[in-house]
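Read the structure below first, then the notes.
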Amino acid sequence: MTEGATSLTLVATGGLLVACGVYLLLAQSLTRLVLGFILAGNGLNVLILAAGGLGPADVLTQAMILTAIVITLGMAAYLLAMAYRTWQLTGDDLVQDDVEDRRIANEAHREDLRGELRAQRAEYRTERRAALALARHRRQELRDSLREARRELRARARLQRAIAARAEDYEYLEEETETDTDFTRPPERPAEPRTEPRTEPRTEPRTDKPAEPPSDPPSDKPADPPADPGGRP
Numbered sequence: 001m002t003e004g005a006t007s008l009t010l011v012a013t014g015g016l017l018v019a020c021g022v023y024l025l026l027a028q029s030l031t032r033l034v035l036g037f038i039l040a041g042n043g044l045n046v047l048i049l050a051a052g053g054l055g056p057a058d059v060l061t062q063a064m065i066l067t068a069i070v071i072t073l074g075m076a077a078y079l080l081a082m083a084y085r086t087w088q089l090t091g092d093d094l095v096q097d098d099v100e101d102r103r104i105a106n107e108a109h110r111e112d113l114r115g116e117l118r119a120q121r122a123e124y125r126t127e128r129r130a131a132l133a134l135a136r137h138r139r140q141e142l143r144d145s146l147r148e149a150r151r152e153l154r155a156r157a158r159l160q161r162a163i164a165a166r167a168e169d170y171e172y173l174e175e176e177t178e179t180d181t182d183f184t185r186p187p188e189r190p191a192e193p194r195t196e197p198r199t200e201p202r203t204e205p206r207t208d209k210p211a212e213p214p215s216d217p218p219s220d221k222p223a224d225p226p227a228d229p230g231g232r233p
């Protein structure tokens, strides 16, 4: 039980060191590259040590561990020298990317961006067409509803006019029936004076004969006797 637990501990420790070393190796800084290489080498040494077991010492395992330690120290020294040289020349220890590698990476990134842009454009066009179709459908529904409302308003207006005309007819008939049942003679108008036609006086032709005096009308009194020429009555 103790031997198994010890082996698992060594394996876990070696795996953790290798994982940290690989993570540091992916950085552009030479210092991190050196640290990552050292951690990865130590992790491999621990894994080789765990592969030998806890039994009696194995000469082959010890030789492999010693060789790995030497290689790790040599590579660490080489990387440290490169980092120091780069820092003196450029002022930083960053590893410069290759121009061709950068171009290939940029082309791949551009292709990915173009694909995403095409997909977004297609999605946008689809959504726009759907929105336009929905807007047309709603506009048509609104027009139909407006037409129906206008028809209803016209029908109501015609119905109201018909009802008003029928009501006027009923009122007129009621007034007629009331005047027929309650008949009263209208007051007589005063007679206007009759005017005779005015006639102009007739003018006769004028003659030279003197006008005769008008004769007295006959009376019942006896006539006076003629006067006596001798002065007698």
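The opening position of the sequence shown corresponds to residue 1 in full-length UniProt numbering, with each subsequent residue numbered one higher.
By construction, the Cβ of each residue, glycine as well, lies at the ideal position given by its N, Cα and C atoms.
Remember, predicted model here, so these are calculated numbers, not experimental data.
Is it the case that the Cβ atoms of GLY14 and LEU35 are separated by a distance below 8 Å? no
What does the alpha-carbon distance come out to for the pair LEU89 and LEU33? 18 Å
Residue range of the alpha helix (DSSP H) that includes ALA51: 30 to 51
How would you call VAL59, buried or exposed, if buried means at least 16 neighbouring beta carbons within 10 angstroms? exposed
DSSP three-state assignment for LEU10, whether helix, strand or coil: helix
From the DSSP output, which residues share a beta bridge with LEU94? SER29
Buried versus exposed call for VAL70 [16 or more other C-beta atoms within 10 Å across all chains shown]: exposed
Do LEU49 and LEU10 have their CB atoms nearer than 8 Å? yes
So, for SER145: in the same chain, excluding its five sequence neighbours on each side, which residues have a beta-carbon less than 6 Å away from its beta-carbon? none
Quick one: Cα of ARG151 to Cα of ALA157, how far? 10 Å
Between the CA atoms of GLU141 and LEU132 - distance to the nearest angstrom: 14 Å
On the CB-based measure, 16 or more other CB atoms within 10 Å of its CB, does ASN106 come out buried or exposed? exposed
Near ALA12, what residues of its chain come up, given a Cβ to Cβ distance below 7 Å and the 5 sequence neighbours on each side ignored? none
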